[in-house]
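S.K.: Pasting a structure below so you can have a look.
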Amino acid sequence: MSTRGGDDVAKTSAGKMIEQRHSDMRPDMRRKSDPSLDEARLRQQAIGVKLRQMFDQVVNEPVPDEFLEILKRADARKPGQV
Amino acid sequence: MEEKRKDTPADPAREAAFKAELVALIPHLRAFARTLAGDPTSADDLAQDAMMKAWDARASYQMGTNMKAWTFMILRNQFYSEKRRSWRQTQLDQEAAERTLVAVDDPEAPVALDELRLGLGMLPAEQREALILVGAGGFAYEEAAEICGCAVGTVKSRVSRARRALQGILEAGNYKRDGASASEAMRSILDDAERLSALR
Chain W
177 MSTRGGDDVA KTSAGKMIEQ RHSDMRPDMR RKSDPSLDEA RLRQQAIGVK LRQMFDQVVN
237 EPVPDEFLEI LKRADARKPG QV
Chain F
865 MEEKRKDTPA DPAREAAFKA ELVALIPHLR AFARTLAGDP TSADDLAQDA MMKAWDARAS
925 YQMGTNMKAW TFMILRNQFY SEKRRSWRQT QLDQEAAERT LVAVDDPEAP VALDELRLGL
985 GMLPAEQREA LILVGAGGFA YEEAAEICGC AVGTVKSRVS RARRALQGIL EAGNYKRDGA
1045 SASEAMRSIL DDAERLSALR
């Protein structure tokens, strides 16, 4: 987190929120909305969104016919038959 | 509940319901397999094996319970028992990480997905799996714990460690890859996420 300079941060779309990091460090303010906590939360949310997107990309792929064929063949088997 | 004897003819309606539910789960099994196995082909083999194991065990499944969690558990067990058989697999982890999940080389796919995939590949397997089940698979901690055969607290701590590690990796640009600069990946993930949530 500390690898990024303030300039870098300000350029992101989330910059507005993150810029406050340096100003409001009084404990009473921090309790309400700690900018660095907000930033961390935002990033975690972003990672979460991407993670789901990544997973859903495969979920949304068409299922290869093979799957259904295998299942159909298995279904046609008489019980007890292996 | 009541003992199902081997020679009892299966209830066709139940079989059909089971099959329909199983078929609906295939895409999810494929996606989960893709996060475990090294490449799409072995992932599909794994998903098929799991599907067949689930089908063969259908008599022991209680209709109305969580079939998704049940099949994911079967798939996971299948994967690790195969993995135990071939130690070579562990050697392939790093290599695998570079091909995992989204194997289709889609030039349109946002760069950040790639970075995320590589970052995920750098996490210890049990952290990656916990994060994927909870963060992408939509499972509750309790369900993920059941799937992984561990305590709920263990899953929680794995997920939180995975999140922190992944964020660190993405921000440091600490994945193996040349080109894209350090925080480029994180920025692009943030931008993308913002765009996506704006669509909702």
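The listed protein sequences derive, respectively, from chains W and F.
Read left to right, the first sequence gives residues 177 to 258 (the working numbering).
Read left to right, the second sequence gives residues 865 to 1064 (the working numbering).
Backbone N, C-alpha and C define an ideal beta-carbon position, used for all residues, glycine too.
1) With 8 Å set as the bound, which would you pick, yes or no: does the beta-carbon of L213 (chain W) sit closer than that to a beta-carbon of chain F?
2) Note down, in chain order, all residues in the region 216-233 of chain W with a beta-carbon under 9 Å from any beta-carbon belonging to chain F.
3) Does the count of Cβ pairs from the region 991-1001 of chain F and the region 908-916 of chain F closer than 8 Å reach three?
4) Would a check of beta-carbon distances place I246 (chain W) closer than 8 Å to chain F?
5) Pick helix, strand or coil for M927 (chain F), following the three-state DSSP scheme.
6) Where does the unbroken alpha helix (DSSP H) through L213 (chain W) begin, and where does it stop?
7) Residues of chain W with CB under 9 Å from A883 (chain F), in chain order?
8) Tell me whether G985 (chain F) is buried or exposed, calling it buried when 16 or more other Cβ atoms sit within 10 Å of its Cβ.
9) For A918 (chain F) and E215 (chain W), I'd like the C-alpha separation in whole angstroms.
10) Go through its chain and collect everything with a Cβ distance to V1023 (chain F)'s Cβ below 6 Å, but skip five positions before and after it.
11) Using a Cβ-Cβ cut-off of 6 Å (strictly less than) and excluding sequence neighbours within five positions of R922 (chain F), which residues of its own chain qualify?
12) Throw me the rounded Cβ distance for the L977 (chain F) and K226 (chain W) pair, which I believe falls under 8 Å.
13) Can you pull the chain W residues whose beta carbon is under 7 Å from the beta carbon of D908 (chain F), in chain order?
14) Look at the alpha carbon of A895 (chain F) and the alpha carbon of V1019 (chain F), and state the distance between them as a whole number of angstroms.
M.R.: A quick look at the data gives this:
1) Position 37 of the first sequence, counted from the start, is the residue given in the question as residue 213 (chain W). Not closer than 8 Å to any Cβ of chain F, the Cβ of L213 (chain W) fails to qualify, so no.
2) A216, L218, R219, Q220, Q221, A222, I223, G224, V225, K226, L227, R228, Q229, M230, F231, D232 and Q233
3) no
4) Along the first sequence, one-based indexing puts residue 246 (chain W) at 70. Yes, its Cβ sits closer than 8 Å to a Cβ of chain F.
5) For this step, residue 927 (chain F) is matched to residue 63 along the second sequence. It is coil, neither helix nor strand.
6) Residue 213 (chain W) sits at position 37 when you count from the first residue of the first sequence. Here the alpha helix (DSSP H) through L213 (chain W) covers P211 to V235.
7) The residue labelled residue 883 (chain F) in the question sits at position 19 within the second sequence. The sequence shown places Lys at residue 883 (chain F), rather than the Ala named in the question. Ordered by position in chain W, the residues that pass the 9 Å Cβ test against K883 (chain F) are L247 and D251.
8) For the purposes of this step, residue 985 (chain F) is identified with residue 121 of the second sequence, where counting begins at 1. When all chains shown are included, G985 (chain F) counts as buried.
9) Working through the second sequence from its first residue, we reach residue 918 (chain F) at position 54. Working through the first sequence from its first residue, we reach residue 215 (chain W) at position 39. Roughly 43 Å between the two C-alpha positions.
10) Start at 1 with the first residue of the second sequence, and residue 1023 (chain F) comes out as number 159. Within the same chain, V1023 (chain F) has close Cβ partners A994, L995 and V998.
11) Position 58 of the second sequence holds residue 922 (chain F). Cβ within range, chain order: F882.
12) On the second sequence, residue 977 (chain F) is found 113 positions in, with the first residue counted as 1. On the first sequence, residue 226 (chain W) is found 50 positions in, with the first residue counted as 1. Right, their Cβ atoms sit about 7 Å apart.
13) As a working mapping, residue 908 (chain F) is identified with position 44 in the second sequence. Simply P240.
14) Residue numbering aside, residue 895 (chain F) sits at position 31 when the second sequence is read from its first letter. Residue numbering aside, residue 1019 (chain F) sits at position 155 when the second sequence is read from its first letter. A895 (chain F) and V1019 (chain F): Cα-Cα distance of roughly 20 Å.
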